[in-house]
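Engineer: The sequence shown begins at -11 in my numbering and counts up by one.
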Amino acid sequence: MTERPTAADAAWFAGLDPGDVDGGARAIRDGEADQPADWPTLAVESGTVDSEAGYYEWLREAAVHATRQVVRERERADDRQLVHAVRAMDDCQRTANELAERLAEWAGSRYEDVGSGIAAARALAERESAADADERVVSLAQRVVDLDDEAADLRSFIERTAPEVAPNLAAMAGPVLAARLLSLAGGLESLAKKPSGTVQVLGAEDALFAHLRGQATSPKHGIIYTHEYVRGTPQANRGSAARALAGKLTIAARIDHYSGDLRPSLQAELDERIDAIRERDSE
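Set out below in structure tokens:
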């Protein structure tokens, strides 16, 4: 007659050597039990560990290891790579612009024909430097150019990757805005679970909190203002355009997360809705 499995046989530590952190982490992540049990006592009675204190120490190490694995896998996910890329792009562009301003002030003290901005930095980077100070100015100009070039490369990466990660969202919002929405939401899954009203004001958190404190009116839009369908709509109907866009972007994010198939009909429906909103001004 076959012996019935004991509770210890069903425990997460069954078949593991004491202190096997990797095995314990896998068991914690993938295992399951029909009902709870006194696992510390069972671990001691089965000879897996010497004491309950030893059990809890092993459990803690395995749980921490499992958590680190989950976080590492999540950070390596394609949508997280987009989040990192768009944040890095913004950092590079912001730093390049700030350094370009500093460069213009410094170079203005050395040369007479100095402009401002990234284009001026590119021109300065091509200059021959005679004095030591000139060499530093030219070197700083090259750093500005490098940062601007890196921002452009990151944008190209985003434009290639976003349609693969979130095809519907990228098609409707554009790759860069799609990546910004993912960044603000914390990833594709998080964005897919948000209501459209929240998506509408992503990026306008300061204005929203000011409204909740009674210090400002309710914001009509956040980062989606950069989309032509919102920015290009007359102000009187901009809130309606933002709601329509946010609604379709939310649906797009959910389709991308749960199925991943491209739905061109979403764009057609949005186009029709925006046309109807803009026609109000011509009536």
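Just so you know, even glycine gets a beta-carbon here, dropped at the ideal spot from N, CA and C.
Just so you know, these numbers come straight off a predicted model, no measurement behind them.
Could you say which of Asp18, Gly35, Asp78, His245 lies nearest to Pro151 if we only look at CA atoms?
Structural biologist: His245
Engineer: For the pair the region 93 to 109 and the region 161 to 175, tell me if three or more CB-CB distances fall below 8 Å.
Structural biologist: no
Engineer: Grab me the residues of Met(-11)'s own chain with a C-beta within less than 8 Å of its C-beta, minus the 5 sequence neighbours each way, in chain order.
Structural biologist: Bear in mind that a pLDDT of 38 at Met(-11), under 50, signals an unreliable position, so the model cannot answer this.
Engineer: Tell me which residues share the same chain as Ala113 and place their Cβ nearer than 8 Å to its Cβ, disregarding the 5 neighbours each side in the sequence.
Structural biologist: Cβ neighbours of Ala113 beyond the five flanking positions: Val126, Ala129, Gln130, Val132, Val133.
Engineer: Out of Ala232, Trp46, Asp66, Arg68, point me to the one whose CA is closest to Ala288's CA.
Structural biologist: Examination of residue 288 is not possible in this model, given that the chain is present from -11 through 271 alone.
Engineer: So, with DSSP's three-state summary, where would you put Ala240?
Structural biologist: In the structure shown, the three-state DSSP call for Ala240 is helix.
Engineer: Does the count of Cβ pairs from the region 70 to 79 and the region 139 to 153 closer than 8 Å reach three?
Structural biologist: yes
Engineer: Distance, Cα to Cα, Arg266 vs Leu237?
Structural biologist: 19 Å
Engineer: Using a threshold of 7 Å, state whether the C-beta atoms of Leu169 and Cys80 are closer than that.
Structural biologist: Cβ distance not < 7 Å, so Leu169 and Cys80 don't count as in contact.
Engineer: Does Glu177 come out as helix, strand or coil in the three-state DSSP assignment?
Structural biologist: helix
Engineer: Helix, strand or coil for Ala88, going by three-state DSSP, please let me know.
Structural biologist: Three-state DSSP puts Ala88 in a helix.
Engineer: Taking 7 Å as the cut-off, decide whether the C-beta atoms of Leu176 and Leu190 are in contact.
Structural biologist: For the pair Leu176 and Leu190, the CB atoms are not nearer than the 7 Å cut-off.
Engineer: Just the Cα atoms here: how many angstroms apart are Thr221 and Ala229?
Structural biologist: 7 Å
Engineer: Taking all protein chains shown into account, decide if Asp38 is buried (16 or more other Cβ within 10 angstroms of its Cβ) or exposed.
Structural biologist: Exposed, by the Cβ-count rule.
Engineer: For Asp18 and chain E, any beta-carbon pair shorter than 7 Å?
Structural biologist: Note that chain E does not occur in the displayed structure, where there is just one protein chain.
Engineer: How many Å lie between Ile239 and Ile212 at the Cα?
Structural biologist: 15 Å
Engineer: For Glu(-9), I'd like the list of residues in its chain whose CB is within less than 6 Å of its CB, leaving aside the five on either flank, ordered along the chain.
Structural biologist: Summary for Glu(-9): the model assigns pLDDT 44, below 50, so the residue's position carries little reliability, and this model does not support an answer.
Engineer: Is the beta carbon of Asn156 sitting closer than 7 Å to the one on Ile262?
Structural biologist: no
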